[in-house]
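Residue 106 in numbering that gives the first Met the number 0 sits at position 107 of the sequence shown; the count goes up by one each step and never skips.
A quick write-up on the structure given underneath.
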Amino acid sequence: MTKKTHTRDEDTRHYGTKETEVLREPPSNPHATGLTRRSFSIGAAIASAGVACGGGKDPRAPKNVAKNSGTPLEAVAHGKQPMDSTDAFAPPVSDSVPNNILAQCPYCGVGCGTLIQTEKGKIVGMMPDPKHPTNMGLQCIKGLASAEAIYVDRLTKPLVRKDMTDILAGKVSKTKGRFGDDVFREATWEEVDEIIVKQIAGIVKQHGGNSVGLYGSGQLPVEGQWLENVFMKGILGSNTIEANARMCMTSAVTGYFKSLGSDTPPTSYEDIELADMVTHWGHNARGAHPIVFWRIADHKANKGIPTLVVDPRRTGTVQGYEEVNAENSYHFSTINGDIAIHNALAHVLLKDHPDAIAWDFLKLHTTGWEEYVKAVTERYSPEQVQHITMIEPGYLRMVAAKWAEASIKGRKNGKGGVLSFWGIGYNQHIHGQNNTVSLINLMALTGNIGRPGCGPFSMTGQPNAMGERLTGGLTSRLPFNQGINNDAWRDHIADSWRVPRERLASVAKEANPGMAVGMMERALKGDVKAFFLIYATHIDLPDQYNLVRPALAKTFNVVQEIYRHAPNNLYADVILPAATWGEWVGGTYIQSERRFYVCDGTANPIPGTKPDMDMVIDKGIAIANALGLEGEKIFPYKKMENGFYDPEDVFRDIVKASKGSDADISGMLEVEARDGVSLYDQIRNHRGIQWPAPTYEIAKQGGTKRRYMDQENWEGKPYGGFRTADGKLHIHMCEQNYEGREQIIAEMSRAGTEKDFYLIDNLDLLKKARDNGLTPELPDFEFAEKRWDQVPKDKYPYWVGLGVVYEHFHTSKTIRSGTTKRLVPEMYLEMHADDARHIGVEDGEWVRVVTRRGFYEARASIGLDSKVKPARNTVPRGYMFSPWNLSVADSADPEKNRWLVNGVSHRAFDPVSGQADFKKLAARIEKLKA
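What follows is the structure, encoded as structure tokens:
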């Protein structure tokens, strides 16, 4: 049938109203599609496993994928039987370990409960936990196949680069950028420990603690992240500590702080089933957080709720909701227009739906609302900002009406309203903090915060990015949502860490401008002399060829790594073989709804490897002693009979130190004392505890589901309605104005193209870009309809965005899994058919994507019928997309690697959150010879 809809024309430069073809009749019964949590997940798992198990051999798939035994498909879908993987090593030491080990999935931030399956001492598969409240017995293909990557390409012995960089002797390695056997030699643990202590302690003494940096991970357990922060700030005296969470969610973090006074979503997954409307901002939930999508789709099918997806692409999330209920599914295909959209929705709500405005809430519980109401009313009608939003005003007004209806309904019922999700893509802007603040403004205006079924809900990209945030493993942060300049809390943490108070006070005076990008610029300048790279890859940082790799080529680098041919090893001076998830003794993760969950393991890693936590303790003690501190006092932990440290001992320190914070979980200690249930067993029994859990009663019931407006039921909590000093939600007007943007953007283009131009020396430039809501660069649109070989070499006509694909997680593990590698084996570039015709490219042909900073190669994927996997999204004209997950799926060896997408990215970052914009790059497309 043909339905008249108001939709933005599929073009990144123009907009309008048109008639669109609806491909299928919306079902009269919302269940007719069968798109429920269970049927959808089983279908997805079976389809995925079918490819892996040889159900139709794909001649285009790489030959070097792991072998698979052909497990029955139904068994794979339910996780009942393991999918085999390449057995690169003999089984670990013990041939007898427990089965059905409780753990959180090691991939995205949803935090699915997983039961690790073992056989003869080895991890052989995963089963979704039917008792876990998050995934309720379901799991996506990544999680189901996560065992496949554990025993592949593993390191088993420490390695030392033969011409190792020696900062103390003034020697820089000439073989950086290579990781072949010819440039490394095997060493003992004793030798590498001695090398590390000598170099790091010597560098601290000569150049100061802040000259040593650390890049950590949201995949480490909380206990390891805690110890990293003790090691860097408490022992080395360094404020140069960053993590891949910086490029993931810090725009949400800083936005929460600015608006609510503290970090993290105040919501729970249970709010999905209570919501009257769900919105997604820069969030392809179906690809990035499948369980969340399945739960929302199921609720949409049951209740018919409206959904809004704000994303340049017509993603699987958009299409999935339309399959459930096309009449109540909305899509804003905007590029960079989010703040203007928020303000335009607020304008319409104020003008046309005054009953939706929560006037009493604004007056009693917020500040700054008068200025906000005045500004959006005067300057942000849908017509005034249509050139920014790219949304037809009538269509935006339709969505505003749905927002109003849901808000009124939720307020009347005391539960429900609008629940707003966002993901990494929404945060990755040079105005990322303002994106978060602006959305919270809109939620506050309509009273969609402080009750069940509504609120702002950022989804993390990693299983424990929330832990990295809570433990303070970032520049100038302390554990439990406090900054390092809070004198009283800093002294409390120094005491908890068992380090001198004055040592931590001195760290507060050290600067790391620009955070993750900044520490690389500082290294390029020569101010940072050494790095620890721990469970995080450097290739997730922007501007690889002009910034990150040249910086790492100059520094002394200690890499803790599980894979022999991982990208970090290209720049390692010392490589320490690490145990990985599933092999650990234990630990905890925190997923996106603030739920602590155990990461129990076999405690039976591959011989020769150590857990990251153990490595931090051992080298921390030795380096502390070398610096004149009492290492054994700072890290008083004792090894167990199995030779490993007990992570629960570290967790006990964390729980004790949390007392008095807004993330207080010390009630768990009362439960342990009164009921005799250990800290980890409390978490196991509840299938997770949500912080805060400050009292016996709250901890015993599993923690706190929701925060703010007294939803905590916490008598004597150290804050009012919100975590701010005055107890109120702070509304801050955020602007988006493109006037004069060309000059600002032209100045930012010097980053990565001029040798001595550093953004840490131009923070005012970034603030201008932030305050006006700009992109880091602009395409040369006038060349967009020319054939590829007619575009001048200094012109870049198209937008290119980088993101994720459903089958893969980050860049290391899933590309080593036979199942997921076979499903999506190669780099691709989603492209509109009109752009392909103008460029002169056909579906499946190889192209080179070129920006001012570098290039990568990919296969053109044109439309939903493309021969190039996965072919599930469409893009608007002028905009193209590639996944960063496949960056080294061809090879991590620079001589062979052609898929490194962050070779083209821009290093411009939000001056507060430090997060870079990977979504709006100006690029030229070149056709490659067959």
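Even glycine gets a Cβ: it sits at the ideal position worked out from N, Cα and C.
#1: Hey, would you say Ala750 sits closer than 8 Å to His905, going by beta carbons?
#2: Thinking Gly452 and Lys414 are a contact (beta carbons under 8 Å), I'd like their distance in whole angstroms, please.
#3: DSSP three-state call for Ile338: helix, strand or coil?
#4: Determine the closest residue to Gly989 out of Asn484, Gly286, Gly315 and Gly600, with distance taken between C-alpha atoms.
#5: Kindly indicate which residue of Gln198, Ile439 and Gln742 has the alpha-carbon position closest to the one of Val252.
#6: Which whole-angstrom value describes the C-beta separation of Trp583 and Pro220, a residue pair presumed to lie in contact below a C-beta threshold of 8 Å?
#7: Alpha carbon to alpha carbon, how far is Gly482 from Gln198?
#8: Could you check where the beta strand (DSSP E) with Gln103 kicks off and where it finishes?
#9: Three or more C-beta pairs closer than 8 Å, one from the segment 380-392 and one from the segment 227-246: is that the case here?
#10: From Ile271 to Gln103, what does the alpha carbon distance come to, in whole angstroms?
#11: Please state if the CB of Ala888 and the CB of His564 are separated by a distance shorter than 8 Å.
#12: Identify which residue in Arg722, Ser860 and Ile295 has its Cα closest to the Cα of Thr133.
#13: If we call anything under 8 Å between Cβ atoms a contact, is Val846 one with Glu925?
#14: With DSSP collapsed to three states, give me the class of Tyr737.
#15: Suppose you measure from the CA of Thr85 to the CA of Pro576; what does that come to, to the nearest Å?
#16: Strictly by DSSP, which residues pair up with Ser657?
#17: Trp496 by DSSP, collapsed to three states: which one?
#18: According to the Cβ coordinates, are Pro875 and His831 closer than 8 Å?
#19: For Ser93, count neighbouring Cβ atoms within 10 angstroms of its own Cβ and tell me buried if that reaches 16, exposed if not.
#20: Identify the residues that DSSP records as bridge partners of Gln224: which are they?
#21: To the nearest whole angstrom, what separates the beta carbons of Ile861 and Val573, a pair I think is in contact under 8 Å?
#22: Rounded to whole angstroms, what's the CA-CA distance from Val903 to Arg851? Just pull it up for me.
#23: Please report the distance separating the alpha-carbon of Ser328 from that of Ser457.
#24: Here's the rule I'm using: 16 or more other beta-carbon atoms within 10 Å means buried, otherwise exposed. How should Met125 be labelled?
#25: If you count every other CB in all the chains shown that lies within 10 Å of the CB of Met639, and 16 or more means buried, which is it?
#26: Do you know whose CA, among Pro549, Trp787, His346 and Cys733, lies nearest Lys528's CA?
#27: Among residues of its own chain, excluding the 5 on either side of Pro157, which ones have a beta-carbon nearer than 8 Å to its beta-carbon?
#28: Just verifying my parser: in three-state terms, what is the DSSP assignment at Ala357?
#29: At 3 residues or longer, what runs of the beta strand (DSSP E) sit wholly inside the segment 394-455?
#30: Given 8 Å as the limit, is there contact between the segment 487-506 and the segment 764-781, that is, 3 or more CB pairs closer than that?
#31: Throw me the rounded Cβ distance for the Pro499 and Val516 pair, which I believe falls under 8 Å.
#32: List the whole-angstrom C-beta distance separating Lys130 from Thr819, where the pair is believed to meet the contact cut-off of C-beta under 8 Å.
#33: Kindly indicate which three-state DSSP category Gly215 falls into: helix, strand or coil?
#34: In this structure, does DSSP put Met826 in helix, strand or coil?
#35: Please tell me whether Pro105 and Trp883 are closer than 8 Å, where the distance is taken between their beta carbons.
#36: What does the alpha-carbon distance come out to for the pair Val803 and Thr694?
According to the structure data:
#1: Here residue 750 refers to the residue found at position 751 when the sequence shown is read from its first residue. Here residue 905 refers to the residue found at position 906 when the sequence shown is read from its first residue. Cβ atoms of Ala750 and His905: closer than 8 Å.
#2: Counting from one through the sequence shown, the residue named residue 452 turns up at place 453. Counting from one through the sequence shown, the residue named residue 414 turns up at place 415. Sure, about 5 Å apart at Cβ, within 8 Å.
#3: Here residue 338 is taken as the residue at index 339 of the sequence shown, counted from 1. Ile338: helix per DSSP, three-state reduction.
#4: With the chain covering 0 to 929 only, the question about residue 989 has no answer from this structure.
#5: Working through the sequence shown from its first residue, we reach residue 252 at position 253. Here the closest residue by C-alpha is Ile439.
#6: Here the question's residue 583 lines up with position 584 in the sequence shown. Here the question's residue 220 lines up with position 221 in the sequence shown. About 7 Å separates the beta carbon of Trp583 from that of Pro220, a gap short enough to meet the 8 Å contact definition.
#7: Here residue 482 is taken as the residue at index 483 of the sequence shown, counted from 1. Here residue 198 is taken as the residue at index 199 of the sequence shown, counted from 1. Approximately 30 Å between the Cα atoms of the pair.
#8: Here residue 103 refers to the residue found at position 104 of the sequence shown. Unbroken beta strand (DSSP E) run through Gln103: Ile100 to Gln103.
#9: At 8 Å Cβ cutoff, the stretches do not touch.
#10: Against the sequence shown, residue 271 aligns to sequence position 272. Against the sequence shown, residue 103 aligns to sequence position 104. Going by the C-alpha atoms only, they are around 21 Å apart.
#11: Against the sequence shown, residue 564 aligns to sequence position 565. Against the sequence shown, residue 888 aligns to sequence position 889. No, the Cβ-Cβ distance between His564 and Ala888 is not below 8 Å.
#12: Taking the first residue of the sequence shown as 1, we reach residue 133 at position 134. If we check each option's Cα against that of Thr133, Ile295 comes out closest.
#13: Taking the sequence shown and counting its residues from 1, the one referred to as residue 846 is at position 847. Taking the sequence shown and counting its residues from 1, the one referred to as residue 925 is at position 926. The answer is yes: Cβ separation under 8 Å.
#14: As a working mapping, residue 737 is identified with position 738 in the sequence shown. Assignment of Tyr737 by DSSP, reduced to helix, strand and coil, places it in the coil class.
#15: Walking along the sequence shown from the start, residue 85 turns up at place 86. Walking along the sequence shown from the start, residue 576 turns up at place 577. In this prediction, Thr85 scores a pLDDT of 34, lower than 50, which makes its location untrustworthy; the coordinate-derived value is nonetheless stated afterwards. Taking the Cα positions, Thr85 is about 19 Å away from Pro576.
#16: For the purposes of this step, residue 657 is taken as residue 658 along the sequence shown, with counting starting at 1. Its beta-bridge partners do not exist; DSSP assigns none.
#17: Residue mapping note: residue 496 aligns to position 497 of the sequence shown, counting from 1. Trp496 falls in the helix class under three-state DSSP.
#18: Sequence index remark: in the sequence shown, residue 875 carries index 876 (1-based). Sequence index remark: in the sequence shown, residue 831 carries index 832 (1-based). Remark: C-beta atoms of Pro875 and His831 approach each other more closely than 8 Å.
#19: For the purposes of this step, residue 93 is taken as residue 94 along the sequence shown, with counting starting at 1. Classification for Ser93: exposed.
#20: Working through the sequence shown from its first residue, we reach residue 224 at position 225. Gln224 pairs with nothing; no bridge assigned.
#21: By one-based count along the sequence shown, residue 861 stands at place 862. By one-based count along the sequence shown, residue 573 stands at place 574. No, Ile861 and Val573 are not in contact; Cβ-Cβ is about 46 Å, not under 8 Å.
#22: Stepping through the sequence shown from its first residue, residue 903 is reached at position 904. Stepping through the sequence shown from its first residue, residue 851 is reached at position 852. When rounded, the distance between both Cα atoms is 7 Å.
#23: By 1-based counting over the sequence shown, the position of residue 328 is 329. By 1-based counting over the sequence shown, the position of residue 457 is 458. When rounded, the distance between both Cα atoms is 21 Å.
#24: Your numbering for residue 125 matches position 126 in the sequence shown. Burial check for Met125: the Cβ neighbour count within 10 Å reaches 16 or more, so the residue is buried.
#25: Start at 1 with the first residue of the sequence shown, and residue 639 comes out as number 640. Residue environment analysis places Met639 among the exposed positions, since fewer than 16 neighbouring C-beta atoms fall within 10 angstroms of its C-beta.
#26: Counting from one through the sequence shown, the residue named residue 528 turns up at place 529. Comparing Cα positions, the closest option is Pro549.
#27: Locating residue 157 in the sequence shown gives position 158, where the first residue counts as 1. Non-local C-beta neighbours of Pro157 in its own chain, meaning closer than 8 Å and more than five positions away in sequence, comprise Glu185, Ala186, Thr187, Trp188, Glu190, Val191, Val573, Ile574, Leu575 and Pro576, ordered along the chain.
#28: The residue you call residue 357 lines up with position 358 of the sequence shown. Secondary structure at Ala357: coil, using DSSP grouped into helix, strand and coil.
#29: As far as the segment 394-455 is concerned, its whole beta strand (DSSP E) runs of at least 3 residues are 417-421.
#30: Taking a contact to require three or more Cβ pairs closer than 8 Å, the segment 487-506 and the segment 764-781 do not qualify as touching.
#31: Residue 499 sits at position 500 when you count from the first residue of the sequence shown. Residue 516 sits at position 517 when you count from the first residue of the sequence shown. That pair is no contact at about 31 Å.
#32: The count along the sequence shown starts at 1 and reaches residue 130 at position 131. The count along the sequence shown starts at 1 and reaches residue 819 at position 820. About 26 Å separates the two Cβ atoms, so there is no contact after all.
#33: To locate residue 215, count along the sequence shown from 1; it is residue 216. Strand at Gly215.
#34: Here residue 826 refers to the residue found at position 827 when the sequence shown is read from its first residue. Coil at Met826, not helix or strand.
#35: Looking up residue 105 in the sequence shown gives position 106. Looking up residue 883 in the sequence shown gives position 884. Taking 8 Å as the Cβ cut-off, Pro105 and Trp883 do not qualify as a contacting pair.
#36: As a first step, residue 803 is located in the sequence shown; it is residue number 804 there, counting from the start. As a first step, residue 694 is located in the sequence shown; it is residue number 695 there, counting from the start. Using only the alpha carbons, I get a separation of about 40 Å.
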